[in-house]
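Same order as they appear, the protein sequences are chains A and B.
For the first sequence, position 16 matches number 28 in the working numbering, and the numbering has no gaps at all.
For the second sequence, position 330 matches number 310 in the working numbering, and the numbering has no gaps at all.
Yeah, the Cβ is synthetic: ideal placement off N, Cα and C, and Gly gets one too.
Structure first, then comments.
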Amino acid sequence: MFKRSFDESPALDTRALVWMVFSLAAAAGAHWNHVPVWLLGFACVSVFWRTRVYQGKWPAPSTWVKGGVMVVTSVAYVFSTQAQFTVETAVGFFVLAYALKLLELNQRRDAFLFSFMTLFLLCLGFLFTQSLFVSLYIFIAMGLSFVALMAVNQSLKSRSIGATFKGVYGSMAVAAPLLIVMYLFFPRFGPLWAMPLKSSTAFTGLDETMSPGDVANLAQSGERAFRIVFNGPRPAYRDLYWRALILDRYDGTSWKRSFSQTNRDRQGAVRPGARTQTEQWDYEVLLEPHNREWGFALDDAKVARGAPFSTPDQLVRFMRDVKSPEWYRVINQAEEYRESAQSFARFSSLPQGSNPRTAEWAKQLRETTPDAGTFIKTVLTRFNQEPYAYTLSPPLLTSPNRIDEFFFDTRRGFCEHYASTMAFILRAANIPSRVLAGYQGGEWNEQGGFLVVHQYDAHAWVEAWLPERGWVRVDPTAAVAPQRVESGIRDAVAEEGTFLQNTPLSLARYNHIGVFAWATNNLEYMNYMWQKWVVNYDQEKQSSFFKRWFGDSDMKTMLMILAGVSMMVFLVLSLLTLKAEWRRNKGDPMVRLYRSLLNRMNKKGLLLDAGLTPGQALALAIKKWPRQRKLLRQIFSEFEQNLYADDAGGSPDRVRRLKRDIKQLALNP
Amino acid sequence: MTTGIRQKSGARIGGQLGRRIDKWVEKRLPPVEEATLSHRAIFVLPTRWGVGFLMLAGLILLTGINYQNSMILAVGFFLISIFVVNILIAYRNMSGLVIRFHRAASCFSDELAGFEFLVSASEHGAATVQLGWTPDSYVTLDLDQNGQRRAVIEYRCRKRGWLTPGRMLITSTYPMGLIRAWSWQDLNAKALVYPRPATQPQFKWSASLAEGEGKGDSHIVGQEDFAGLRTYVPGEPLTRIAWKKYAQQGELYSKEFSQPELDPDWIDFDAYQGMETELRLSTLCAQILELEQKGTPYGLRMPGWACGPGSGLEHRNKCLTALAKYPDHV
Chain A
13 MFKRSFDESP
23 ALDTRALVWM
33 VFSLAAAAGA
43 HWNHVPVWLL
53 GFACVSVFWR
63 TRVYQGKWPA
73 PSTWVKGGVM
83 VVTSVAYVFS
93 TQAQFTVETA
103 VGFFVLAYAL
113 KLLELNQRRD
123 AFLFSFMTLF
133 LLCLGFLFTQ
143 SLFVSLYIFI
153 AMGLSFVALM
163 AVNQSLKSRS
173 IGATFKGVYG
183 SMAVAAPLLI
193 VMYLFFPRFG
203 PLWAMPLKSS
213 TAFTGLDETM
223 SPGDVANLAQ
233 SGERAFRIVF
243 NGPRPAYRDL
253 YWRALILDRY
263 DGTSWKRSFS
273 QTNRDRQGAV
283 RPGARTQTEQ
293 WDYEVLLEPH
303 NREWGFALDD
313 AKVARGAPFS
323 TPDQLVRFMR
333 DVKSPEWYRV
343 INQAEEYRES
353 AQSFARFSSL
363 PQGSNPRTAE
373 WAKQLRETTP
383 DAGTFIKTVL
393 TRFNQEPYAY
403 TLSPPLLTSP
413 NRIDEFFFDT
423 RRGFCEHYAS
433 TMAFILRAAN
443 IPSRVLAGYQ
453 GGEWNEQGGF
463 LVVHQYDAHA
473 WVEAWLPERG
483 WVRVDPTAAV
493 APQRVESGIR
503 DAVAEEGTFL
513 QNTPLSLARY
523 NHIGVFAWAT
533 NNLEYMNYMW
543 QKWVVNYDQE
553 KQSSFFKRWF
563 GDSDMKTMLM
573 ILAGVSMMVF
583 LVLSLLTLKA
593 EWRRNKGDPM
603 VRLYRSLLNR
613 MNKKGLLLDA
623 GLTPGQALAL
633 AIKKWPRQRK
643 LLRQIFSEFE
653 QNLYADDAGG
663 SPDRVRRLKR
673 DIKQLALNP
Chain B
-19 MTTGIRQKSG
-9 ARIGGQLGRR
1 IDKWVEKRLP
11 PVEEATLSHR
21 AIFVLPTRWG
31 VGFLMLAGLI
41 LLTGINYQNS
51 MILAVGFFLI
61 SIFVVNILIA
71 YRNMSGLVIR
81 FHRAASCFSD
91 ELAGFEFLVS
101 ASEHGAATVQ
111 LGWTPDSYVT
121 LDLDQNGQRR
131 AVIEYRCRKR
141 GWLTPGRMLI
151 TSTYPMGLIR
161 AWSWQDLNAK
171 ALVYPRPATQ
181 PQFKWSASLA
191 EGEGKGDSHI
201 VGQEDFAGLR
211 TYVPGEPLTR
221 IAWKKYAQQG
231 ELYSKEFSQP
241 ELDPDWIDFD
251 AYQGMETELR
261 LSTLCAQILE
271 LEQKGTPYGL
281 RMPGWACGPG
291 SGLEHRNKCL
301 TALAKYPDHV
């Protein structure tokens, strides 16, 4: 009976601790922008503390101290997050637990657990963004935690750091084909259960309520909202109005969605039929997750493919909040539609006695210009001719009649101010109107042939109902600052210098410098390709992929294909691993022949040891089979000459002759 | 059996199944002089951390599915792939390893015997392995490409005679501790274990002596009975050299003592009639060691065998070997 247990030493060495700290830095770094800053500070403190303990400068913290630190930091964390329970706070709490775990990292057991936590924390980074660069960072950082695992396993002793890294990233490269196979073939399906944790951050520059005058500085963000590829002709820049929300109710300070509008936004309209003559644009949208149900499209949009649907108001809506990048295709189809009398009431109502000066002004103007189209033009001319200014840092509006204050007094504001005022004036003049929120413009990436729309392109405008033309877009901002809709917000505020003023680190801010423009353009292009081809590989793309290569497949077939292809890859990898052994075993033909002869003799009852020289083996063999003496001598002398010759192996001719001799050998007792 | 702390880890299978595995391994891997590890001899299983790693991958996949997040799914697949690659690396690390038993120094019972093994990695790569019989004796080796290393594994001797620790474990969790690759090899390692020297020995001498004078003092008297000097013959105990003379003349002389009438330097197995055999051998052993230390030439008489008189390490080992092998010493 021999021993069958594998016992390991529980101790942890310095090297392991150092690599643990490195991987902690990498994993915490992946979350620097969505956990409280003090949490990262605490992680640094715990690294420092653990190092001092390791050096023996400070005593190891007792259970009481550790427990105290845990309670204090947890309570502090709950307070600093106002006890919200979202994805961000959960990740933050995980970071906290992770930093605390470092304090009691004493044994191999803890170290393994810690490494697993590192890997999990790294992968949670993808909850927030899945861009190419974040993906690269996370995968490289995972390599670092594999090195840490090797250090824990004491596999680094005799190897240099360079060789270790080469080994780890080499094995990651070997793992890549298997990863690709699983990524392609693993059947995609919907969530198994609804996750209780939702993300608190809305990654969008849009809001469901619009109250101009509330903020003195428009918060801008250089983040991407979505990308568009046009199949066929592109619209002019000034027609790029990406509609998302209809705000139809004004309560005196802000514009909101009424309940009837909210309900209407949930209704699906029919999908487009055959292509028609009126169809103008055909484009695909690659949407970044923004945690809302909204999609974005130009006027008269009909969703042709993808998860979302079109509402009767030609808006794009998803069934669920968008939590991962989504793709859909839209075509434009103008369609006659009617508004019921009830709807008109909704688009014409104003709160009683609100903004009396403006209302009075509108009524008077309507009396002199009864034609709705002319009326609109007149108002726009006023915006254009009078000293109205487009600015991203307007004065706050404090009076209860904000529109009056803006329209007659301050006269400085951005799209929300103008849209709000315009819609109000139209309603006061008995022209049904509604405020539209969405994005305007975008940035062309000529290399990729797509348009990128950023958060700072967020815009608000107005639609007015003209009985003979239906809903007509009216953009008062265009009257005030034509550059805003002709070439984008950057040019509109170029003099003011307020573009992305709150985010000095944003690359987009420096896009007027040639090199930066070139770099952002190229990075954007790579990122787009990544999102389009890799991240966006979803159920739909997968089924079309399967259809192309394997015909119609149900879940069972898909799983079988997955298993089959994975096995094939694994087989190839295994054969590569076994190649060295196979070659070694094969060795030189003379040696093989000799071995096989000994094996044969062993089977016949002559127990020969592999360590014996041919001479010794011969003596034993002759003793056993005296009759074959002559042949045995001949064979063994041939072996002796060839096995130990410098040009070991002998000519194929000799091997053949020897084989023949061996065949003649009759090893019968 | 071992003093080391036993951990609950790895595959400890007892009872029926354990015996079955023993038999199967015995048949599959018969004892050899030199073992080259190949697919026949290498076994691979995940460690508990490997199982944990797979569970982590599963958790990540669940997260990816429920949040409909492609890249989290990719991480899950990636961890599974890394696990698979680890299996291959673990195998490759062991494959082609050549191990042979080199030698073992003899030792006294209850001491640690050192077994020397020669281990060399295959031409295609370096290796990190542990080998040994019991957990507290595991030796970790880091082998370079084509490099040969000597591993000395200590094993506690329990009994006098030939010690054959038997099947040894060659194992490794390289690279990340997720996968354990191992092999069991019986390399015919053996060491000769001398009896443990008795702690409070009651020396007796040859029967003839015991009848004549008192107990064993005579040889000490005899030693002090200085007779003269003669030229030193290499091999004689150093304690006999006349160092003063050497200091004066620069030549080595041995002190000659008058031979006592009786022959006190014969250590005799038969002198300890009626004693329990192991104790008897222990006492003989202690006697040999004492005389060897004093530098007195001595001989050993065993039933049907005698050696000596003489002194020196070689002589001592010859006598101790006879004790160790008793009753097969002839």
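Where residue i meets chain B, residues with beta-carbon distance less than 8 Å
i: A:K335; result: Y47, Q48 and N49
i: A:L585; result: V64, V65 and L68
Beta-carbon gap between residue i and residue j smaller than 9 Å
i: A:D452; j: A:R496; result: The sequence as given places Gln at residue 452 of chain A; Asp does not occur at that position. For A:Q452 and A:R496, yes; Cβs fall inside 9 Å.
i: A:R666; j: A:E650; result: yes
i: A:Y253; j: A:G450; result: yes
i: B:V55; j: B:G38; result: no
i: A:A160; j: A:S127; result: yes
i: B:H82; j: B:R136; result: no
i: A:L409; j: A:D226; result: yes
i: A:Q543; j: A:Q142; result: yes
i: B:P175; j: B:L300; result: yes
i: A:R439; j: A:S361; result: yes
i: A:D277; j: A:L327; result: yes
i: B:W29; j: B:L158; result: yes
i: B:M314; j: B:N66; result: One cannot answer for residue 314 of chain B here, as it falls past the ends of chain B, which runs -19 to 310.
i: A:L204; j: B:L17; result: no
i: A:F201; j: A:M567; result: yes
Distance, residue j Cα to residue i Cα
i: B:S100; j: B:R296; result: 35 Å
i: B:V201; j: B:Y226; result: Per-residue confidence for B:V201 stands at a pLDDT of 38, beneath the threshold of 50, marking its modelled position as unreliable; the derived number appears in the next sentence. Straight-line Cα distance between these residues: approximately 25 Å.
i: A:Y149; j: A:I192; result: 18 Å
i: A:G701; j: A:W61; result: The structure shown does not extend to residue 701 of chain A, since chain A spans only 13 to 681, so no value can be given for it.
i: B:A21; j: B:D116; result: 24 Å
i: B:A107; j: B:R72; result: 9 Å
i: A:L670; j: A:R612; result: 15 Å
i: B:A187; j: B:S86; result: Here the model assigns B:A187 a pLDDT of 49, short of 50, so the residue's position is not dependable and the matter cannot be decided.
i: A:A470; j: A:G365; result: 31 Å
i: B:F58; j: A:F151; result: 9 Å
i: A:A490; j: A:N442; result: 23 Å
i: A:V59; j: B:W4; result: 50 Å
i: B:G32; j: A:K559; result: 36 Å
i: B:D197; j: B:E231; result: Confidence at B:D197 is low in this model, with a pLDDT of 41, below 50, so the placement of that residue should be treated as unreliable; the coordinate-derived value is given next. Roughly 32 Å between the two C-alpha positions.
Under 7 Å by beta carbon: chain B residues contacting residue i
i: A:V186; result: V65
i: A:S147; result: M51
Residues that residue i contacts on chain A, provided the C-beta gap is smaller than 8 Å
i: B:F57; result: L190, L191, M194, Y195 and F198
i: B:L36; result: F128, L131 and F132
i: B:W29; result: F124
Chain A residues whose Cβ lies nearer than 9 Å to that of residue i
i: B:T257; result: What B:T257 touches in chain A: nothing, since even the nearest Cβ is about 27 Å away.
i: B:G32; result: F124, L125 and F128
i: B:A171; result: In chain order: nothing, as chain A lies at least about 17 Å away.
Proximal residues of chain A, C-beta to C-beta of residue i below 7 Å
i: B:T21; result: It is Ala, not Thr, that sits at residue 21 of chain B in the sequence shown. None at all; the shortest Cβ gap to chain A is about 11 Å.
i: B:M156; result: F158, L161, M162 and N165
i: B:W4; result: Correct list: empty, because the minimum Cβ distance to chain A is about 12 Å.
Chain-ordered chain B contacts of residue i [CB-CB under 9 Å]
i: A:T274; result: The premise fails here: A:T274 is roughly 25 Å from chain B at the closest Cβ pair, so nothing lies under 9 Å.
Contact set between the segment 109 to 140 of chain A and chain B, restricted to residues whose Cβ is under 7 Å from the partner: F124, F128, L131, F132, C135, F138 and L139
Residues, ordered as in the chain, of the segment 62 to 74 of chain B that lie near chain A by beta-carbon distance below 8 Å: I62, V64, V65, N66, L68, I69, Y71 and R72
Near-chain B residues of the segment 367 to 386 of chain A (beta-carbon distance less than 9 Å), N- to C-terminal order: none
Complete alpha helix (DSSP H) runs within the segment 312 to 363 of chain A (minimum length 4 residues, chain order): 353 to 360
Segments of 4+ residues assigned as alpha helix (DSSP H) that fall wholly inside the segment 465 to 513 of chain A: 488 to 492, 494 to 498 and 501 to 504
Start-end ranges of the beta strand (DSSP E) lying completely within the segment 112 to 191 of chain B, minimum 3 residues: 119 to 123, 128 to 136, 141 to 143, 148 to 152, 159 to 165 and 171 to 174
Where the segment 179 to 206 of chain A meets chain B: residues whose CB sits under 9 Å from a CB there: G179, V180, S183, M184, V186, A187, A188, P189, L190, L191, I192, V193, M194, Y195, F198, R200, F201, G202, P203, L204, W205 and A206
Contained alpha helix (DSSP H) runs [length at least 4] in the segment 85 to 151 of chain A, N- to C-terminal order: 99 to 115 and 120 to 136
Selection of the segment 539 to 556 of chain A by Cβ proximity to chain B, strictly under 8 Å: V546, V547, N548, Y549 and D550
3 or more residues per run - each beta strand (DSSP E) lying fully within the segment 409 to 472 of chain A: 445 to 452, 455 to 457 and 462 to 466
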